Amino acid sequence: MPNASARGWLRGNLGWLLGAAVLGTLAFWLPYRDAQREYVERREPSHAIDAAAGRWTRYENARWRLIDVRREDGLPQGAGGYLHGDASLLIVTYEVVPGPGVDSDVLDACNGRLVDARGRRWDADALPSAKLSERVRALGTSCGSRLGKDFVREKARPGWPFRFHHVFVVPRDLPRQGLRSELMLPASKTTPPGRYLRFTW
Amino acid sequence: MLVAAVLVLAAVVWLRRAEPDYDAKVAPIVLPGAVGQRVQARNFAVEVKKAKLAHAYLTKAGLFDAAPRTVASDGIWMSLLVEAEPLDEPGFISAQLRTRDGLIYRASDHGRPELGGSNFNGQELLTGLRGTGAYFFDVPPDRLEGAHAQFYWGNVTPGQMDHLIDIDLGLDAAATRKLLAGATPTLDLR
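Chains as they are written, first to last, in my numbering: chain A, -1 to 199; chain B, 9 to 198.
This is the structure in C-alpha cells:
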C-alpha cells in the first residue's frame, strides 16, 4: 500500500513541508523586495514639474517659488577646495510655504542642483572651502530650517513662507542662458517616485 | 551531412573558446595618452604635466605637531602633477600606477601627504572647474621602469565598461635612471 504510506508520510510531515514552503518563498521574496526598494531610493529624479521663476508651484504638499538669482564673481582660486580656474558663486533664493502637516524635517531632506543647457550638473552647497561654508551656513541652505541666533533652530511652519538659499560654485564663463535650478525630495518619498521641481530662469 | 555536422560542431567549439571571458567583457575601456597630452574620457579629462620622485615629503605641522611633518616612503614617492576636470557632474577622479608586469599601486590617500585640496586622490572636483593638483604613489624603485599612470572616475576601483585613461609616462630604462638620479631626499611641500 505505497499510496497509503505516502499519504501517511505527507500527513506526518505537513507542518514541516508548509514551513519549508513559506520560508523558501520568503528567502526569495524578501531580498527581491529590498533590492527593489533600494533601486527606488537610489533612482535619479525622473518626473520634472516645470516651474516659472517667481510663480508659486505645488510640490509634495507645499508651495515653492524661486525669487532671486545672484551671481558673485571674483572668488578666490581655491573656492572649490582646490586650485582651479576662475569661479563664480551663484546664489539661488527660494521660498517654500509648507502645507498642513508638513514637517520641517521632511523639507530638510530636499536637495538642490543646477543644470546648464549642455546637461552639466552642479550640486547645491558643495563648498569645501571653510570660509565659504561659514558664509553659506549663515545664509541658511536647508529647505525647512536654519540655525538662528543663539544656535536656536528656526523651522518652517505650515502656512508661513520660509526663505532659503542654494549656493553653487561654477566656472566664471558659465553662460546664464539655458541654466535651470532643481529641487528634489528623496525619490522614494515623492508620489510618483522621482518627482522634482525644475525652475527655468 | 555528417561532415557538415562535424564542421559546425567544431566551429561552435572554436567560437566558444575564442569568446572573451566575463572579466574581459566588462573590463574598462582604455584610452591611451602621453605626458603633456589632455585625454578626455566619458565624463572627465586629465593631463599629466610632470612626474617627480622624492624619498620623503615635508608637510605643514598638524594640529598636534610641534614641527613640520616628514612623510617617509616605504619605497620611493612618485608624484604626478596633473590638471583634471570633471566634465558633466562633480565627483572624484582616482589614479593608480600600473607597472610593466601588471602590478597596480593605488594613489596614496588624501591625507598622505596631507596637502588639503592639492592631493587629488579623494578630493571632490567641481564640474567645469579644471584643477591643478597631484597624485602620490609609494612604489618600489625597481618597479618604475615601464610604469603607466591610469585615471578613472569615482573613488573605488575602475568602473566596469567605463573609461580608464592610461598615460605612458615614457619611463624607459634611461628615463627611469635619470628620474631616480634626480630624486629629492626630502621634498618640501609646505
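Positions of the beta carbon are idealized from the N, C-alpha and C atoms, including for glycine. Since the structure is predicted, the reported quantities are computational estimates derived from the model, not experimental observations.
A direct Cα-to-Cα measurement between Glu70 (chain A) and Trp199 (chain A) gives close to 17 angstroms. Ranked by Cα distance from Leu195 (chain B), the first of B:Thr184, B:Gln48, B:Val14, B:Leu66 is B:Leu66.
By the rule that beta-carbons nearer than 9 angstroms mark a contact, Ala124 (chain A) touches chain B. Residue pairing by DSSP places His163 (chain A) opposite A:Thr91 in a beta bridge. Taking the beta carbon of Tyr194 (chain A) as reference, no residue of chain B falls within 9 angstroms; the closest one sits roughly 16 angstroms away. Remark: fewer than three beta-carbon pairs, one from each stretch, lie closer than 8 angstroms, so the stretch 135 to 142 of chain A and the stretch 96 to 109 of chain B are not flagged as touching. Note: Val47 (chain B) is bridge-paired with B:Val54 in the DSSP secondary-structure output.
Annotated three-state conformation of Asp174 (chain B) is strand, per DSSP. A Cβ of chain B is located within less than 9 angstroms of the beta carbon of Ala85 (chain A).
Chain B places no beta carbon closer than 9 angstroms to that of His164 (chain A), leaving this residue out of the contacts.
Val134 (chain A) and Val165 (chain A) do touch by the CB rule: their CB atoms are close to 5 angstroms apart, below 8 angstroms. For Pro121 (chain B), not one C-beta of chain A is nearer than 9 angstroms to its own C-beta. Contact with chain A is absent for Phe52 (chain B), since none of that chain's Cβ atoms lies less than 9 angstroms from the residue's Cβ.
In the DSSP annotation of this structure, the continuous segment of the alpha helix (DSSP H) that includes Val104 (chain A) starts and ends at 102 to 106. Among the CB atoms of chain A, none fall inside 9 angstroms of the CB of Gly162 (chain B). By the Cβ neighbour-count rule, Asp82 (chain B) is exposed, with fewer than 16 other Cβ atoms within 10 Å of its own. Beta-bridge partners assigned by DSSP to Asn109 (chain A): A:Met182.
For the stretch 97 to 126 of chain A, the set of residues with a beta-carbon nearer than 8 angstroms to any beta-carbon of chain B comprises Gly117, Arg118, Arg119, Trp120, Asp121, Ala124, Pro126, in chain order.
In this model, Pro148 (chain B) and Ile84 (chain B) are separated by some 6 angstroms (Cα to Cα). By the Cβ neighbour-count rule, Gly110 (chain A) is buried, with 16 or more other Cβ atoms within 10 Å of its own.
Per the C-alpha coordinates, the member of B:Ala183, B:His171, B:Leu187 positioned closest to Pro40 (chain B) is B:His171. The beta-carbon of Leu105 (chain B) is placed no less than 9 angstroms from the nearest beta-carbon of chain A. Within chain B, not a single residue places a beta-carbon under 7 angstroms from that of Gly72 (chain A); the smallest gap is close to 15 angstroms.
Going by beta carbons, Glu55 (chain B) and Val90 (chain B) fall inside the 9 angstroms limit.
Taking 9 angstroms as the CB threshold, Gly78 (chain A) lines the interface with chain B. In this chain, the alpha helix (DSSP H) harbouring Leu188 (chain B) covers 181 to 189.
DSSP lists A:Lys153 as the beta-bridge partner residues of Ser143 (chain A). Within chain A, Arg118, Arg119, Trp120 have C-beta atoms less than 7 angstroms from the C-beta of Thr135 (chain B), given in sequence order. From the beta-carbon of Leu81 (chain A), the residues of chain B found nearer than 9 angstroms are Gly125, Ser126, Gly139, Thr140, Gly141. In the three-state reduction of the DSSP assignment, Gln158 (chain B) falls in the strand class. Taken in chain order, the members of the stretch 152 to 178 of chain A whose beta-carbon sits within less than 8 angstroms of a beta-carbon on chain B are Val167, Val168, Pro169, Leu172. In this structure, the straight-line span from the alpha carbon of Ala189 (chain B) to that of Gln45 (chain B) is close to 25 angstroms. Against chain A, the CB of Glu97 (chain B) has a partner CB under 9 angstroms away; the residue lies at that interface.
Under the Cβ criterion of 9 angstroms, Glu55 (chain B) is not counted among the residues facing chain A. Only residues of its own chain outside the window of five on either side were considered, and among them Val56, Lys57, Lys58, Ala59, Ile175, Asp176, Leu177, Gly178 have a CB closer than 8 angstroms to the CB of Val43 (chain B), listed in chain order.
Distance between Glu97 (chain B) and Arg138 (chain B), taken at the CA atoms: about 12 angstroms.
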